[in-house]
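Q:
Protein chains in written order, with the numbering used here: chain A, 17 to 270; chain B, 17 to 270.
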């Protein structure tokens, strides 16, 4: 049985709590957050504390707090020599305090407030200072997911940049597509199947092999017509830059 | 029974042939392509012709040829007054020849050579010159899919631009993410679940509500760190432009 304390009350804290609750091998013995809110409707009120000095003894302390708060909360911990991990994709392990053993327990997924997470497919990126701590983190992550990776702080940083491209920036392109459709009274849902298939494809082949469209075909007539349709300067700029990026990437191969 | 002739031998022609074959209400009586290739292993050789002048009488002639070839093939047709449709997302209906009745039968999906298509979820964008022809196209599309839309040539052009953003450009961002991972020996598959969830989300909420990340948070420290990690000028440029685009879109709301 792994005894866990969760610190924080945001999306990650709540989803992790719900996932740990289902596992017999894990016991979330206590949760801390400043407002004393429950992380789950089934949580016993006695397992919540608003006083960080009343934290009980556990095997792992999970700091599921915002990036900015990690350093501060780690400094406030009233004990020494325990395994303390944060859950952030972009904060280096060194940000944790030297008085405890440091680790990272980063679930690489986007969490929404009211949407259940199937943790069995969520990749966990783990980091620890020694093999014993890493093994404990592997046991903890492995009880939730089949996808467990040992990832250094530097690699995690790189993953975080990639995630910005494939998640945040991609979502913005969906948003632009939605805006263009709305301006012309076309339901955006017509594009949903295409979007799902685009994504589905790259789980089966490298994205560079899946590249299609007027940019890679150097179909200048279509590109010109598209630029004329776009009404906003920012949309035109994105279209031009992304077309140029595709053409410079594949230019030599054509 | 709708009698169909398919002209062309590419992905769309092959996938449409396979889909029509399963429908009792549709009979593909003949296929034309210059090389005389079969569109499907089960196709009877007698239903293939290399001579456009030998085309049989049908209810609908589907020009599933490349955008550039539509005008030329339409001009070569040896009959008059028949319903002739093309399958392109970007070619206006007027590109077809006046000697026949014009229409568009555009399945809005990306087709791969060796991957089966589930047409029941593919949106069909239809256009015709009169109600009778439109009804026939609706019957044809409706036998394959539940998603059938009447879309004008102008709207189809708009959809095509949107599709470039949500499919071609999005795929390029996946490609950039893949490159960044490869350069640092990180398996890109770690990002697959995030990508699938990103896409899944926007079928349930507007993409503008799903926007997250350092750009919308105006987290300049993270943005700077990310720019330092990126090694290629083109990756840096994309990061900057997309960050700026997100910030100017949501700037007023914050």
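All residues carry an ideal CB built from backbone N, CA and C; glycine is no exception.
What is the DSSP secondary structure of residue 252 of chain A, counted as helix, strand or coil?
A: Sequence index remark: in the first chain, residue 252 of chain A carries index 236 (1-based). Residue state, collapsed to three classes: helix.
Q: Could you check how far apart the C-beta atoms of residue 118 of chain B and residue 112 of chain B are, in whole angstroms? I think they sit under 8 Å.
A: Counting from 1 along the second chain, the entry for residue 118 of chain B is found at position 102. Counting from 1 along the second chain, the entry for residue 112 of chain B is found at position 96. Their Cβ separation, rounded to whole angstroms, is 4 Å, which keeps residue 118 of chain B and residue 112 of chain B in contact under 8 Å.
Q: Run through the segment 122 to 199 of chain B for me and flag every whole alpha helix (DSSP H) of 4 or more residues, listed as ranges in chain order.
A: You should have 147 to 160, 169 to 179, 186 to 199.
Q: Who are the neighbours of residue 213 of chain B on chain A, taking C-beta pairs under 7 Å?
A: Residue numbering aside, residue 213 of chain B sits at position 197 when the second chain is read from its first letter. Under the 7 Å cutoff, chain A gives 125, 126.
Q: Since residue 107 of chain B and residue 22 of chain B are thought to touch, with beta carbons under 8 Å apart, how far apart are those beta carbons, to the nearest angstrom?
A: For the purposes of this step, residue 107 of chain B is taken as residue 91 along the second chain, with counting starting at 1. For the purposes of this step, residue 22 of chain B is taken as residue 6 along the second chain, with counting starting at 1. Not confirmed; about 17 Å, so no contact.
Q: Give the residues from the segment 162 to 186 of chain A that approach chain B closer than 7 Å (Cβ to any Cβ), ordered along the chain.
A: Listed by position, the residues of the segment 162 to 186 of chain A near chain B (Cβ gap below 7 Å) are 165, 171, 173, 174, 175, 177, 178, 179, 180, 181, 182, 183, 184, 185, 186.
Q: Please decide whether residue 197 of chain A counts as near chain B, where near means a Cβ-Cβ distance under 8 Å.
A: By one-based count along the first chain, residue 197 of chain A stands at place 181. At least one chain B Cβ lies under 8 Å of residue 197 of chain A.
Q: Which whole-angstrom value describes the C-beta separation of residue 80 of chain B and residue 156 of chain B, a residue pair presumed to lie in contact below a C-beta threshold of 8 Å?
A: One-based indexing of the second chain puts residue 80 of chain B at position 64. One-based indexing of the second chain puts residue 156 of chain B at position 140. About 13 Å; that fails the 8 Å criterion.
Q: Pop quiz: residue 226 of chain B and residue 187 of chain A are said to be a contact at Cβ under 8 Å. What is the actual Cβ separation, rounded to whole angstroms?
A: Residue mapping note: residue 226 of chain B aligns to position 210 of the second chain, counting from 1. Residue mapping note: residue 187 of chain A aligns to position 171 of the first chain, counting from 1. Rounded, the Cβ-Cβ distance is 6 Å, consistent with contact.
Q: So is the beta-carbon of residue 209 of chain B under 7 Å away from any non-hydrogen atom of the ligand MG?
A: This structure lacks the ligand MG; in fact it carries no ligand of any kind.
Q: Given that residue 250 of chain B touches chain A, what residues does it touch there, using C-beta distances under 7 Å?
A: Along the second chain, read from residue 1 onward, the residue named residue 250 of chain B stands at position 234. 261, 264, listed in chain order.
Q: Please specify which runs of the alpha helix (DSSP H), each continuous and at least 4 residues long, are wholly inside the segment 72 to 119 of chain B, giving them in chain order.
A: 86 to 92, all fully within the segment 72 to 119 of chain B.
Q: From this set, B:160, B:141, B:152, which residue's C-alpha is nearest residue 134 of chain B's C-alpha?
A: Along the second chain, read from residue 1 onward, the residue named residue 134 of chain B stands at position 118. Minimum Cα distance to residue 134 of chain B is reached at B:160.
Q: Note down the Cα distance separating residue 284 of chain A from residue 94 of chain A, rounded to an integer number of angstroms.
A: Missing from the structure shown is residue 284 of chain A; chain A here goes from 17 to 270 and no further.
Q: In chain A, what lies closer than 7 Å to residue 145 of chain B by C-beta?
A: Here residue 145 of chain B refers to the residue found at position 129 of the second chain. None at all; the shortest Cβ gap to chain A is about 21 Å.
Q: Examine chain A for any beta-carbon lying closer than 8 Å to the beta-carbon of residue 270 of chain B, and answer yes or no.
A: Within the second chain, residue 270 of chain B is the residue found at index 254, counting from 1. In this predicted model, residue 270 of chain B has a pLDDT of only 47, less than 50, meaning its place in the structure is not dependable; the value taken from the coordinates is given anyway. By this cut-off, residue 270 of chain B is not an interface position.
Q: So, is residue 178 of chain B buried or exposed, given that buried needs 16 or more other C-beta atoms within 10 angstroms?
A: Reading the second chain from its first residue, position 162 is the one you call residue 178 of chain B. So residue 178 of chain B ends up on the buried side.
Q: Give a yes or no on whether 8 Å exceeds the smallest Cβ distance from residue 192 of chain B to chain A.
A: Mapped onto the second chain, residue 192 of chain B falls at position 176. Residue 192 of chain B counts as touching chain A.
Q: With contact counted as at least three CB pairs below 8 Å, one residue from each stretch, are the segment 233 to 244 of chain A and the segment 44 to 59 of chain B in contact?
A: The segment 233 to 244 of chain A is not in contact with the segment 44 to 59 of chain B.
Q: Count the other C-beta atoms from every protein chain shown that fall within 10 angstroms of the C-beta of residue 237 of chain A, then say buried if there are 16 or more, exposed otherwise.
A: Within the first chain, the letter at position 221 stands for residue 237 of chain A. Burial call: exposed.
Q: Check for me: the alpha helix (DSSP H) holding residue 236 of chain B runs from which residue to which?
A: Translated into positions along the second chain, residue 236 of chain B becomes position 220. Its alpha helix (DSSP H) spans residues 236 to 245.
Q: Taking residue 238 of chain A as the query, report the chain B residues whose CB atoms sit under 7 Å from its CB, ordered along the chain.
A: Position 222 of the first chain holds residue 238 of chain A. Per Cβ cutoff of 7 Å: 106.
Q: Taking Cβ-Cβ distances shorter than 7 Å, what residues in chain A pair up with residue 202 of chain B?
A: For the purposes of this step, residue 202 of chain B is identified with residue 186 of the second chain, where counting begins at 1. The answer, in chain order, is 171, 174, 175.
Q: Please list, in chain order, all residues of the same chain as residue 42 of chain B whose beta carbon is under 8 Å from its beta carbon, the five residues on each side excluded.
A: By 1-based counting over the second chain, the position of residue 42 of chain B is 26. Here the set comprises 17, 18, 20, 36, 156, 159.
Q: What are the start and end residues of the alpha helix (DSSP H) that includes residue 30 of chain B?
A: One-based indexing of the second chain puts residue 30 of chain B at position 14. Note, residue 30 of chain B: alpha helix (DSSP H), 27 to 37.
Q: With the cut-off set at 8 Å, would you say residue 129 of chain A and residue 27 of chain A are in Cβ contact?
A: For the purposes of this step, residue 129 of chain A is taken as the residue at position 113 of the first chain. For the purposes of this step, residue 27 of chain A is taken as the residue at position 11 of the first chain. In contact: residue 129 of chain A and residue 27 of chain A (Cβ atoms closer than 8 Å).
Q: Output the distance between the C-alpha atoms of residue 217 of chain B and residue 53 of chain B, rounded to the nearest integer angstrom.
A: Taking the first residue of the second chain as position 1, residue 217 of chain B is located at position 201. Taking the first residue of the second chain as position 1, residue 53 of chain B is located at position 37. If I take the Cα positions, the gap works out to 42 Å.
Q: Buried or exposed: where does residue 248 of chain A fall if 16 or more other Cβ atoms within 10 Å of its Cβ makes it buried?
A: The residue labelled residue 248 of chain A in the question sits at position 232 within the first chain. The residue is exposed, with fewer than 16 neighbouring Cβ atoms inside 10 Å.
Q: Comparing the C-beta of residue 40 of chain B with each C-beta of chain A, is any distance below 8 Å?
A: Reading the second chain from its first residue, position 24 is the one you call residue 40 of chain B. By this cut-off, residue 40 of chain B is not an interface position.
Q: For residue 227 of chain A, which residues in chain B fall below 8 Å Cβ to Cβ?
A: Reading the first chain from its first residue, position 211 is the one you call residue 227 of chain A. Here the neighbours are 184, 187, 188, 191.
Q: Check the Cβ of residue 258 of chain A against every Cβ in chain B and list those closer than 7 Å, keeping chain order.
A: Taking the first residue of the first chain as 1, we reach residue 258 of chain A at position 242. Those are 185, 188, listed as they occur along chain B.
Q: Give a yes or no on whether the C-beta atoms belonging to residue 239 of chain A and residue 214 of chain A are separated by under 8 Å.
A: Position 223 of the first chain, counting from 1, holds the residue named residue 239 of chain A. Position 198 of the first chain, counting from 1, holds the residue named residue 214 of chain A. No, they are not a contact pair.
Q: Looking only at C-alpha atoms, which of A:59, A:40, A:39 sits nearest to residue 30 of chain A?
A: Residue numbering aside, residue 30 of chain A sits at position 14 when the first chain is read from its first letter. Closest option to residue 30 of chain A, Cα to Cα, is A:59.
Q: Taking the DSSP output, what are the residues bridged to residue 65 of chain B?
A: Position 49 of the second chain, counted from the start, is the residue given in the question as residue 65 of chain B. According to DSSP, residue 65 of chain B bridges with B:48.
Q: Along the chain, where does the alpha helix (DSSP H) containing residue 210 of chain B start, and where does it finish?
A: Against the second chain, residue 210 of chain B aligns to sequence position 194. Here the alpha helix (DSSP H) through residue 210 of chain B covers 208 to 218.
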